[in-house]
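There are 4 protein chains.
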Amino acid sequence: MSDITQVQADAVLAAARDAARGTETAMNIAVVDAGGNLKAFTRMDGAWLGSIDISIKKARTARYFDMPTGAIGELSQPGGPLYNIEVSNGGLITFPGGLPLRGEDGTVIGAIGVSGSTVENDHTVASAGAAVELQGAARP
Amino acid sequence: MSDITQVQADAVLAAARDAARGTETAMNIAVVDAGGNLKAFTRMDGAWLGSIDISIKKARTARYFDMPTGAIGELSQPGGPLYNIEVSNGGLITFPGGLPLRGEDGTVIGAIGVSGSTVENDHTVASAGAAVELQGAARP
Amino acid sequence: MSDITQVQADAVLAAARDAARGTETAMNIAVVDAGGNLKAFTRMDGAWLGSIDISIKKARTARYFDMPTGAIGELSQPGGPLYNIEVSNGGLITFPGGLPLRGEDGTVIGAIGVSGSTVENDHTVASAGAAVELQGAARP
Amino acid sequence: MSDITQVQADAVLAAARDAARGTETAMNIAVVDAGGNLKAFTRMDGAWLGSIDISIKKARTARYFDMPTGAIGELSQPGGPLYNIEVSNGGLITFPGGLPLRGEDGTVIGAIGVSGSTVENDHTVASAGAAVELQGAARP
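Below you can see the structure in the form of structure tokens.
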């Protein structure tokens, strides 16, 4: 199985941070590994304190189901098939801003979560991080 | 009082797993006993990590109210009589995939919870587990 | 990276259960994967309810530090270098009964946790599970 | 009030990481701000999963009381004046590896927490991070 490396996680953080600067937003950016465990995190100066936990939960949620957080949120609305799934797993965040990270063979090797602005901006910044090309490395 | 045995729980897991293979899905499958406590669990290779907790919560929810989880979900919607019941008991899951398990006299002796695909598939696999004939054994 | 498979986890559970029967104890037995997430669990009939959580926490603790839980407990005593480490990670269990599971190349691919009797018996049963030969398989 | 900046937090992480490489250890390294909230985090490849939470708790503990974590641990032993303080604040870690970070005027502007090896190594790596000269910036 492939897992994200520290070098890769740093590259994802850097790409997302650059994108945040481009949109003049102050973001919390989290990366989790293939097991859903925190791998790297950064909070830009002035970013919302409440978004620390949200960014981490977005990353975890994206890895827990291997899909964008926003896709889960479409299913968890009142009347939807996954209504109130958010109470599971110690709290999931299901609005946009979390994306799986895939290695070169398409395997999910981690996830990124971004929080600090509108969900559109959060998603844009997460996408910049997820666009970094990652080659899955063997865990040491 | 009757309670599910380990042999029975294993039979329920096996039947559900066979059904999951039949639908080509990778499921998390949990069985709780008459007290709502975890009795048996298995995660198929590649199954969503976020569904571990959901499968257990579905099983617990089904036993806590002795009804299919989906039936509770119909009552917990906005404006419904059990609105947001999901926040109780450390988190309930009220969409389909959890079913009570009954002994030969109809008494609830446990419950099964399945998570890993669409709620329709989850329910199908849970139903396969719940269809196993169980003879309630005396609690030790 | 290698991760434990469902077939392997079942083999570990079966070996541990056989050892529990040999000592005439009723055990809770948990297996977690390389990411520390629950992979398989079984509770023998009559096993302590309070040991469900303990067995899972033992498995997680063993994987979180890649060592036997009892080795951590020796360091976490009053005056020891890791005093009260147990309050971290949502609760660690540091007395014997948790062991890492290693693949054929020695890599940790998961862990087993056993609870239900004396710590000596718990450790004996966990050891039987950890003695199963495991060949790390690629995560699907 | 002065608070640590992202640039400073990154410098602290980098210095600590270099020291970890020097001791050939794989560390989890966390930095919190003046408010005790997570500012930056990195996990080196192969570092213990259980040390993610511990490194964050060490950093928080060091900032919560503006002293090295090990100093609190001397007071929290059985019979000591702060016996079992570890259960407060959602869990404190009071063995070495957490240190306050001070600005040029001596004000505490954050803290570092390191976990992944012996407490001696953890403390050495945290000290390398805390040795970075920091000029407190105005909180935005």
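Sequence lines, in order, name chains A, B, C and D. Here my numbering is used: the first residue of the first sequence is 1, the next is one more, and so on. Here my numbering is used: the first residue of the second sequence is 141, the next is one more, and so on. Here my numbering is used: the first residue of the third sequence is 281, the next is one more, and so on. Here my numbering is used: the first residue of the fourth sequence is 421, the next is one more, and so on. For glycine and all other residues, C-beta sits at the position ideal for the given N, C-alpha and C. Small disclaimer: the values here were computed from a predicted structure and weren't measured.
Taking 7 Å as the upper bound on Cβ-Cβ separation, chain B lies near residues 332 of the segment 330-346 of chain C. DSSP places residue 462(D) in the uninterrupted beta strand (DSSP E) bounded by 458-463.
Residue contact check for residue 513(D) against chain C: a CB pair falls below 8 Å.
Distances from the alpha-carbon of residue 304(C) to those of 411(C), 412(C), 410(C) and 398(C) put 398(C) closest. Annotated three-state conformation of residue 166(B) is coil, per DSSP. Separation of residue 503(D) and residue 66(A) (C-alpha to C-alpha, rounded to the nearest whole angstrom) is 44 Å. When only Cα atoms are considered, residue 21(A) and residue 460(D) end up about 17 Å apart.
Close to chain C, meaning a Cβ-Cβ distance shorter than 8 Å, are the following residues of the segment 495-510 of chain D: 496, 497, 498, 504, 506 and 507. Those residues of the segment 24-43 of chain A placed with their C-beta closer than 9 Å to a C-beta in chain D are 26, 28, 30, 33, 35, 37, 38, 39, 40, 41, 42 and 43, ordered along the chain. Taking a beta-carbon distance threshold of 8 Å, residue 69(A) does not count as an interface residue toward chain D. Taking 8 Å as the cut-off, the Cβ atoms of residue 381(C) and residue 393(C) do not count as close. Taken through DSSP and simplified to helix, strand or coil, residue 142(B) comes out as strand. In its chain, beyond the 5 residues on either side, 236 and 237 have a beta carbon closer than 6 Å to the beta carbon of residue 263(B).
Under the three-state reduction of DSSP output, residue 368(C) falls in the coil class, being neither helix nor strand. Here the alpha carbons of residue 256(B) and residue 548(D) stand approximately 45 Å from one another. Going by C-alpha positions, residue 52(A) is about 27 Å away from residue 225(B). Taking a C-beta distance under 8 Å as the contact criterion, residue 449(D) and residue 436(D) qualify as a contact pair. Chain-order list of chain C residues neighbouring residue 493(D): 363, by C-beta distance under 7 Å. The contact set of residue 5(A) on chain D, defined by CB atoms closer than 8 Å, consists of 465 in chain order.
Taking a Cβ-Cβ threshold of 9 Å, none of the residues of chain A is close to residue 265(B); the smallest such distance is about 15 Å.
At least one C-beta of chain A is nearer than 8 Å to the C-beta of residue 259(B).
Bounds of the alpha helix (DSSP H) holding residue 490(D) are 489-495. Collapsing the DSSP output to three states places residue 390(C) in a strand. Residue 341(C) places its beta carbon 8 Å or farther from that of residue 500(D).
Following the DSSP letters along the chain, one finds residue 549(D) inside the alpha helix (DSSP H) bounded by residues 539-550. Residue pairing by DSSP places residue 100(A) opposite 111(A) in a beta bridge. Per DSSP, the continuous alpha helix (DSSP H) segment holding residue 341(C) begins and ends at 331-345.
Between the alpha carbons of residue 275(B) and residue 211(B) lies a gap of roughly 25 Å.
The DSSP-derived three-state label of residue 245(B) is coil. Cβ atoms of residue 388(C) and residue 314(C) come within 8 Å of each other, at about 7 Å.
If you ignore the 5 residues before and after residue 410(C), its C-beta comes within less than 7 Å of the C-beta of 379, 381 and 392, all in its own chain and listed in chain order. Residue 488(D) and residue 370(C) have their C-alpha atoms some 23 Å from each other. Separation of residue 146(B) and residue 182(B) (C-alpha to C-alpha, rounded to the nearest whole angstrom) is 13 Å.
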